Amino acid sequence: MDFKYSLNDRPRAAAMVMYAVQWLLIAVPVVLTSAFVARLQYDTLAEQTLYTQKLFAVMGLTMIVQSLWGHRLPLVAGPAAVLLVGVMASIASSPEVIYTSIAVGGALVALLATTGWIKKLQPLFTPRISIVMMALIAFTIVPVFLRLIFADAEHYGLSFVMALVLSIAMVVANNRLRGMWKSAVVLIALVVGSAAYFAFAGLPSLEGATATGAGRLFITPKFDVGVIVAFLICYIALLINELGSVQSVSAYVEADNVPKRSTRGVALTGVMNVVAGAMGVLGPVDYTLSPGVIAATGCASRYPLVLTGVGLVICALFPQLVAVLSAIPSPVMGVVLLYLMAAQVAAAFQMSGTMSAAKDFNGALTIGLPIMLALVVAFLPAEVSAALPAVLRPIVGNGFVMGVIVVLVMEHVIFRKRGGK
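All the letters of the sequence shown, read from the start, carry residue numbers 108 to 528 under this note's numbering.
Shown next, in the form of structure tokens:
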């Protein structure tokens, strides 16, 4: 394709800033749609604000190092949805245990990339397994956005109506809008949805959001074998996601030496997940949002992403700004998350059709059963989860993890092809 600026071109200063701001308008909502996890792990507004500040900083640093020394592609980094699933499934554990497990998972990903083991593991991840993992992330996060949508007990009716109206409006906008506007659907929904909700429910108080002494920059490591194993399985999906993002955008911008870019990109993603875990926040992964933005702007250069990363880091330095950005109502955040997960399911179904992954009953069952079992686990009553052995609870009580285990067994053991048939 012909671009105004190709991958390694450096736009002039004014153009560089303009493109960086356009990427920033996409990157900020990507971060904010996962920042709500702070509300579920911390009680005070100051702690929640600090969490979001650290999240902005980690994602900004990831974009800087990836654009300059990693995959060197125009990719937006954001909190990994699969790690959000892992956090929610392990919410009964302390933040120290959860984020230590994220750091361990990141270290393993970096090790696999630098030692070349990724190539040996790739045959395990057939199209059917990738499809199931994509769908599992969406389905097992249903309890999360249900909790968010109906978080305000005083406005259940308003929340329900907003869920219906805003989700349909996002679909219509995604269908009608083009170029940069299409890529900004989530940002528009967050702004318009928040304004509408505040008009009916009133403005929130930000008092105490910038209190000093709330929380720490780094966590104290605490290890729990069960939680670590659960997150290691989540990192299988993160690894596939990262490889897919790098390879798809490499093809779109006609980048050279894709295997080397993939190795560097995955290795740095692992390292930044270690950093994220040490700081007590969700780890990053690259999102496949770029082709639409590149097509709209004609700029495939990676250098504006460096400035975008700097912009995210600058945002992290201002708690007042972060507090305002984080004041998005939980119901609005829940609806946006619902829309994003619906898009994820749609992508999984689309992939299933294009790759003929369910052309016979056994193939379809390999996709269907793990998803259904994962949903059962995701909605297990609290008393059932509490009755599970403490060591196994992070694994058996995690719908995503159980779904991945079941699909691996079905694909490679029960329905394994023999003799080339």
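Cβ coordinates follow ideal geometry from the N, Cα and C atoms, glycine included. As the structure is a prediction and not an experimental result, all values here were calculated from the model.
By Cβ distance, which residues of its chain are closer than 7 Å to residue i, with the 5 residues on each side in sequence left out?
i, result
"V137", "V183, G185, Y394"
"M509", "L480, A481, V484, V503"
"L350", "S369, V373"
"F257", "Y263, S266"
"I470", "Rather than Ile, the amino acid found at residue 470 in this sequence is Gly. Counting only Cβ-Cβ distances below 7 Å, and skipping sequence neighbours, we find R235, A464."
So, is residue i buried or exposed, given that buried needs 16 or more other C-beta atoms within 10 angstroms?
i, result
"I521", "exposed"
"P477", "buried"
"P230", "exposed"
"P496", "exposed"
"V79", "No information on residue 79 is available, as it lies outside the stretch 108 to 528 that the chain covers here."
"R117", "exposed"
"G405", "exposed"
"T151", "exposed"
"K528", "Because K528 sits at a pLDDT of 47, beneath the cut-off of 50, its placement in the model cannot be relied upon, and the following sentence gives the value as read from the coordinates. Per the 10 Å Cβ criterion, exposed."
"P463", "For the sequence presented, residue 463 should be read as Ser rather than Pro. Answer is exposed; the Cβ neighbour count stays below 16."
"L162", "buried"
"L215", "buried"
"P202", "buried"
"F468", "exposed"
"G286", "exposed"
"N348", "buried"
"A489", "exposed"
"N282", "exposed"
Below 6 Å CB to CB, which residues in the same chain sit around residue i once its five sequence neighbours on both sides are set aside?
i, result
"V429", "T156, T159, Q160"
"S459", "I238, A465"
"L251", "Per the sequence shown, residue 251 should be read as Val rather than Leu. Answer for V251: M195, listed in chain order."
"H85", "Limits of the chain in this structure are 108 at one end and 528 at the other, which puts residue 85 out of reach."
"G526", "Its pLDDT being 47, under 50, G526 is placed unreliably by the model, and nothing is read from it."
"L339", "G212"
"F110", "G405, A407"
"S208", "V334, I335, F338"
"L440", "With the sequence shown as reference, residue 440 is identified as Met, and Leu is not the correct amino acid for it. These residues qualify, in order along the chain: F143, L255."
"L313", "A430"
"G300", "L273, V439"
"Y112", "P118, C406, S408"
For residue i versus residue j, is the C-beta distance shorter than 8 Å?
i, j, result
"Q292", "L284", "In the sequence as displayed, the identity of residue 292 is Val instead of Gln. Closer than 8 Å, so yes."
"G264", "G384", "no"
"A242", "A455", "yes"
"L180", "A362", "yes"
"S197", "V334", "yes"
"L255", "L444", "yes"
"P426", "D259", "no"
"I244", "F486", "no"
"A337", "G193", "yes"
"A450", "S290", "no"
"I343", "V513", "no"
"V373", "V498", "no"
"V420", "M269", "no"
"A220", "G377", "yes"
"M386", "L424", "no"
"L114", "V381", "no"
"V417", "I171", "yes"
"L447", "T233", "no"
When you compare each of the options to residue i by their alpha carbons, which one comes out closest?
i, options, result
"R368", "V353, V128, A217, T169", "V353"
"G529", "M517, R371, E518", "Coverage of the chain is limited to positions 108 through 528, which leaves residue 529 absent and any answer about it impossible."
"S266", "L219, A306, Q148", "A306"
"L414", "A258, A134, F110", "A134"
"T169", "I401, C406, M379", "M379"
"I326", "V388, A358, L162, Y342", "V388"
"L346", "A199, P398, I225", "I225"
"A358", "A489, I401, A199", "I401"
"V249", "A494, V511, V452, M517", "V452"
"C422", "Y112, V128, F110, R119", "V128"
"F330", "N281, V211, V431, N115", "V211"
"V516", "F257, I236, A142", "I236"
"H519", "F143, T473, N348", "T473"
"P311", "L432, D467, L114", "L432"
"L616", "W176, V144, D109, N115", "Lying before the first or after the last residue shown, residue 616 is absent from the chain, which here runs from 108 to 528."
"N364", "F143, A303, H178, V144", "H178"
"A303", "Q457, I435, T461", "I435"
"V204", "L313, K524, P501", "P501"
"W288", "F468, R523, A494, W130", "W130"
"G475", "A217, S200, F246", "F246"
Who are the near neighbours of residue i in its chain, counting only those whose CB is closer than 8 Å to its CB and skipping five residues on each side?
i, result
"S355", "T395, P398"
"R146", "Q155, S437"
"S200", "D331, V334, P501"
Query raised in the report: Are there three or more Cβ pairs, one per stretch, closer than 8 Å when the stretch 292 to 311 is compared with the stretch 265 to 283?
Result: yes
Query raised in the report: Touch check for the stretch 407 to 422 and the stretch 114 to 124: three-plus C-beta pairs under 8 Å?
Result: yes
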